[in-house]
Amino acid sequence: MKVLVPVKRVIDSNVKARVKADQTGVDLANVKMSMNPFDEIAVEEAVRLKEGKEHHAAGTATEIVVVSIGVTQAQETIRTALAMGADRGVLVQSDTDLEPLAVAKVLKAVVDEEKPDLVLLGKQSIDGDNNAVGQMLAALLDWPQATFAGKLAIEGGKAVVTREVDGGLQTVAAELPAVVSVDLRLNTPRYASLPNIMKAKKKEIAMKSVADYGVDTADRLKVLKVTEPPKRSAGVKVADAAELVSKLKDAGVL
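Just so we're aligned: the sequence shown equals residues 1 to 254 in UniProt numbering.
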């Protein structure tokens, strides 16, 4: 079974994002970048499918292909996935940050070319938080999908996914080929060892461009303004419960 894992290069989750002075977007200059955490979980699960870790049978996945859409530096993100255990990578170069629909269209073209049995990706990226690419990709491919996977098993040609819903846990089965988006509780990604990091440097990364796939990636959305969240006001200490109730009434909370 071939598994395709899309990954995105984003601002490291430990770094505080800064808004550009003209409020046109987030400032990426001199900022540490890393793999989107949800995508990192998807890579880990794909490697476990290959290794037979946890509840997976060994060799469930025979090849793991990692694809990223972005600037040339996104090769570093792909190398991280290769060091974790992926087999090869594909970088679709784009100097602009594509909208979710455009990303889904490019990924569909990559899927048509690679013909994977399973597309495993993060439920969302931590920069845009759109949570849309997985669903759009499944619709474009006309494949079954399972979102927010907290547990994944491959059984009898199906992806059996347990997902968190408001009422508890829901288990669904999707016929392969399918698209599965993963959630935080699926696994804990490994740290790549130094020997594997060195090996990853020799693994293949195919360089492509959006134009190679001939898809329409024109923007459908216009960003009017990007601003930082308002700063929280300082807290107030109260002497007792009566003063707390009084202040809450003054604030109109009670």
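Glycine included, C-beta positions come from ideal geometry on N, C-alpha and C. Quick caveat: nothing in here was measured; it's all calculated off a predicted structure.
Asked                                                                                                  : Found
Cutoff 7 Å; reference Ala42; Cβ partners in own chain excluding five residues on either side           : Val5, Leu120, Leu121, Gly122 and Val182
Best match in Val92, Gly134 and Val7 for proximity to Trp143 [C-alpha to C-alpha]                      : Gly134
Gly70 - partner residues in DSSP beta bridges                                                          : Gln93
Inter-residue Cα distance where the pair is Ala173 and Lys158                                          : 6 Å
Ala61 beta carbon less than 9 Å from that of Lys53                                                     : no
Inter-stretch contact at 8 Å, needing at least 3 Cβ pairs: the region 70 to 80 / the region 190 to 206 : yes
Per-residue DSSP class, three states only, for Arg185                                                  : helix
In DSSP terms, what Ala146 is bridged to                                                               : Val180
Glu175, enclosing beta strand (DSSP E) - first and last residue                                        : Gly168 to Glu175
Distance between Met136 and Ala104 (C-alpha atoms, nearest Å)                                          : 6 Å
Endpoints, beta strand (DSSP E) assigned at Lys2                                                       : Lys2 to Val7
Reduced DSSP category for Ile11 - H, G, I as helix; E, B as strand; rest coil                          : strand
The region 201 to 221 contacting the region 154 to 170, beta-carbon criterion three pairs below 8 Å    : no
Extent of the continuous alpha helix (DSSP H) to which Val47 belongs                                   : Pro37 to Glu51
Whole-angstrom distance between Ala74 and Arg9, CA atom to CA atom                                     : 6 Å
Alpha-carbon spacing of Met35 relative to Val7, whole angstroms                                        : 7 Å
Exposed unless 16 or more other CB atoms sit within 10 angstroms - verdict on Gly252                   : exposed
Burial state of residue 265, where buried means 16 or more other Cβ atoms lie within 10 Å              : The question about residue 265 has no answer, for the chain in this structure spans 1 to 254.
DSSP state of Val134 mapped onto helix, strand, coil                                                   : According to the sequence as given, residue 134 is Gly; it is not Val. It is helical.
Cβ pair Asn187, Glu44 closer than 9 Å                                                                  : yes
CA nearest to the CA of Leu98, picked from Leu221, Glu175 and Ala153                                   : Leu221
CA-to-CA distance, Thr162 to Lys151, given in whole angstroms                                          : 5 Å
Beta-carbon proximity of Val179 to Ala138, cut-off 9 Å                                                 : yes
Helix, strand or coil at Arg79 [DSSP, three-state]                                                     : helix
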